[in-house]
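Chains X and D, in that order, are what the protein sequence lines are.
Per this note's numbering, the very first residue in the first sequence carries number 144; after that it's consecutive.
Per this note's numbering, the very first residue in the second sequence carries number 2; after that it's consecutive.
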Amino acid sequence: MTGGQGPWGPTEPESEATVIVPRPAAAATAGLVSTDFVGAAARNRRATWGLIGIMIAIGALLGYLLGAFVESGNGAPNFNPFASATGFGFAIFMIVVSGIWTLIVLRFGDRIVLGLSGAREVSAEEAPVLHNVVEEMAIAAGVPKPRVAIMDTDALNAFAAGMSPDHVAIAVTRGLLASLNREELQAVVGHEMGHLLNLDVRYGTAVGVYVGLIALLADAILRVASWGGGRSSRSSNGKGGGAQVLLGILLVIAAILAPIAARLVQMAISRQREFLADATSARLTRNPLALISALEKLGASTVPMANANRATQHLFIVNPFRDFSAKASALMATHPPLAERIERLRNLR
Amino acid sequence: MFGWIVLGLVVAVVAYTVVTYNGLVAGKNQVANGWKQIDVQLKRRYDLIPNLVQVAKDYMGYEQETLQQVIAARNSAMNASGPAAAGVAEAAVSGALGKFMALAESYPELKANENVRSLMEELTSTENKIAFARQHYNDSVMAQNNRLEQFPSNLVARLGSFPVAEYFNVPEAETAPVKVALR
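Take a look at the structure:
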């Protein structure tokens with residue numbers, strides 16, 4: 144739609160009539176409600192590129208500080224902490240490495256994710272209803288039908304994987320198939336389809352790569368700094384001594400803060416996208432009530448997810464680690480609280 | 002200096018025209034494709050209905066009239082052409098099918114039949130697919146008509162033939178609530 148307010152912004156009055164109608168056949172009468180996923184994806188893409196930019200900047204800054212610290216330790220005569228050649232070298236190295244890493248993940252990410260989660264692809268004969276529901280959602284979104292997979296666990300969860308629109312998969316657990324009715328299943332699949340349409344999987348994975356890389360470097364720096372700091376105290380009569388001590392302190396602070404900052408950015412992206420995927424589901428099915436009741440069932444289930452993996456947790460419809468992270472800070476959660484998601488769906492118009 | 006500004010403006014106008022024209026062509030094709038997608042699902046429904054009616058006949062001896070209505074609605078819908086006529090005819094099929102589905106509820110042996118169950122699921126799914134395909138089609142129609150009518154893309158639209166796309170309207174009969182007679 145032309146509003147450009149995001150999925151939760153004020154929308155057309157026509158949608159008010161459709162959201163309370165549970166039958167898609169009747170809901171389709173108000174065809175004026177926009178399913179502008181292209182616009183939503185474009186906004187998402189811009190926001191995510193901004194956040195990835197912040198990630199790259201954090202990584203590059205960390206690299207620069209490390210390089211400058213190393214150069215100052217060499218006792219160069221004309222050392223300028225703001226124009227360290229080694230620092231720039233390290234910064235560029237960080238950017239190149241993260242770029243290559245991203246390309247690798249984009250190429251092989253979907254297979255890795257399906258494998259990590261223990262999902263098995265199923266045929267249309269094995270799971271006819273699931274296949275039908277996935278195809279219905281693909282038709283509603285106007286995209287090719289994704290592959291369909293099942294995870295053999297009684298836990299209630301679902302996730303989407305895939306890096307390019309042509310090679311995507313939607314996986315649900317066996318427990319989910321058993322305990323949701325057709326409309327609720329449709330709403331959950333719609334949520335996963337939303338992740339695929341909004342390109343969340345791709346950018347979520349890319350962001351995850353940067354978080355890992357920054358954490359790795361910060362870890363290395365803390366080791367190098369403690370070792371280098373001990374060495375420099377013996378030879379602190381050089382010209383770069385003062386600058387080196389200052390740089391060392393800066394570096395340690397940066398190495399401690401950078402991974403936290405990167406993680407916060409990742410979680411913020413993830414939470415925003417859960418809301419967006421919920422909204423997309425409601426727009427595809429025109430039936431937010433089904434998603435509300437599905438989320439309530441997911442929230443009430445206490446069966447733990449056996450194959451959950453930290454690296455893929457942001458891809459699931461509800462956090463597979465929610466039992467452990469319930470007491471953790473809201474800032475570090477990959478998913479917004481279920482109550483808040485349901486509240487937003489109730490207010491959706 | 003003035004020459005450069007004029008040249009820049011001309012380049013900008015040409016670039017806008019090319020991009021908009023291509024967008025209009027893409028929109029026209031998307032609308033056509035959306036219509037074909039509805040068609041695919043409607044054909045699937047035409048194929049499923051005789052199968053279901055065939056199986057159901059044995060169980061629903063007293064409901065021959067409903068079964069015949071379903072078949073008749075299906076046959077007339079197959080011959081309808083154009084979004085407006087198809088809308089009316091398909092609504093009749095949906096109505097007849099809805100009645101059939103509701104009646105089937107009171108025949109436990111019918112619902113227990115494995116064959117019937119899978120046919121019912123297929124038919125339910127096909128009904129949903131038709132509705133979703135229609136939803137997607139109407140969204141494409143709206144996007145295309147916006148481009149055709151909004152300024153300044155409406156000026157570009159005059160360079161080619163871009164007919165105003167037609168919505169798949171659902172007639173009154175289908176939007177009215179289903180009446181269920183409880184005995």
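Heads up, the beta-carbon is just placed ideally off N, CA and C, and yes, glycines get one too.
Over what stretch of residues does the alpha helix (DSSP H) that includes residue i continue unbroken?
| i | result |
| --- | --- |
| residue 46 of chain D | 3 to 58 |
| residue 310 of chain X | Run containing residue 310 of chain X: none; DSSP gives neither H nor E here. |
| residue 440 of chain X | 431 to 443 |
| residue 477 of chain X | Note, residue 477 of chain X: premise wrong, no alpha helix (DSSP H); not H, not E. |
| residue 117 of chain D | 115 to 150 |
| residue 325 of chain X | 325 to 340 |
| residue 76 of chain D | 65 to 79 |
| residue 278 of chain X | 271 to 284 |
| residue 154 of chain D | 154 to 158 |
May I ask which residues mark the beginning and end of the beta strand (DSSP E) holding residue i?
| i | result |
| --- | --- |
| residue 302 of chain X | 301 to 305 |
| residue 263 of chain X | 262 to 264 |
Which one or two residues does DSSP pair with residue i in a beta bridge?
| i | result |
| --- | --- |
| residue 315 of chain X | X:293 and X:301 |
| residue 459 of chain X | X:302 |
Residues of chain A with CB under 8 Å from residue i, in chain order?
| i | result |
| --- | --- |
| residue 122 of chain D | No chain A appears in this structure, whose protein chains are X and D. |
key: Runs of beta strand (DSSP E) wholly within the segment 380 to 410 of chain X (minimum 3 residues, chain order)   = none
message = Could you check whether the segment 417 to 428 of chain X touches the segment 333 to 341 of chain X, counting it as contact only if at least three pairs of C-beta atoms, one from each stretch, sit closer than 8 Å?
response = yes
message = Any contact between the segment 118 to 128 of chain D and the segment 271 to 282 of chain X? By contact I mean 3 or more CB pairs, one from each, below 8 Å.
response = yes
request  = Report yes or no: do three or more beta-carbon pairs, one from the segment 287 to 295 of chain X and one from the segment 232 to 250 of chain X, lie closer than 8 Å?
outcome  = no
inquiry  = What are the residues in the segment 276 to 300 of chain X lying within 8 Å of chain D by C-beta distance?
reply    = 276, 278, 279, 280, 282, 283, 284 and 285
query = Three or more C-beta pairs closer than 8 Å, one from the segment 37 to 50 of chain D and one from the segment 73 to 89 of chain D: is that the case here?
reply = yes
message = Under 9 Å, CB to CB, which of the residues in the segment 111 to 137 of chain D have a partner in chain X?
response = 119, 122, 123, 125, 126, 127, 128, 129, 130, 131, 132, 133, 134, 135, 136 and 137
query = If you measure beta-carbon to beta-carbon, which residues of the segment 35 to 55 of chain D are closer than 8 Å to chain X?
reply = 35, 38 and 42
ask   = Can at least three beta-carbon pairs, one atom from the segment 431 to 451 of chain X and one from the segment 345 to 359 of chain X, be found at a separation below 8 Å?
value = no
task = Taking 8 Å as the threshold, find out whether the segment 29 to 45 of chain D comes into contact with the segment 7 to 19 of chain D through three or more Cβ pairs.
result = no
inquiry  = Within 8 Å, do at least three Cβ pairs link the segment 63 to 72 of chain D to the segment 17 to 29 of chain D?
reply    = no
key: Touching by the beta-carbon criterion (3+ pairs, under 8 Å), the segment 389 to 400 of chain X and the segment 200 to 209 of chain X   = yes
task = Take every Cβ of the segment 475 to 485 of chain X, pair it with every Cβ of the segment 407 to 417 of chain X, and state whether three or more of those distances are shorter than 8 Å.
result = yes
inquiry  = Using 8 Å as the cut-off, can you tell me whether the segment 315 to 327 of chain X makes contact with the segment 297 to 304 of chain X, which would need three or more C-beta pairs spanning the two stretches below that distance?
reply    = yes
inquiry  = Any contact between the segment 106 to 118 of chain D and the segment 49 to 60 of chain D? By contact I mean 3 or more CB pairs, one from each, below 8 Å.
reply    = yes
ask   = Taking one C-beta from the segment 162 to 169 of chain D and one from the segment 137 to 148 of chain D each time, how about it: are there three or more such pairs within less than 8 Å?
value = yes
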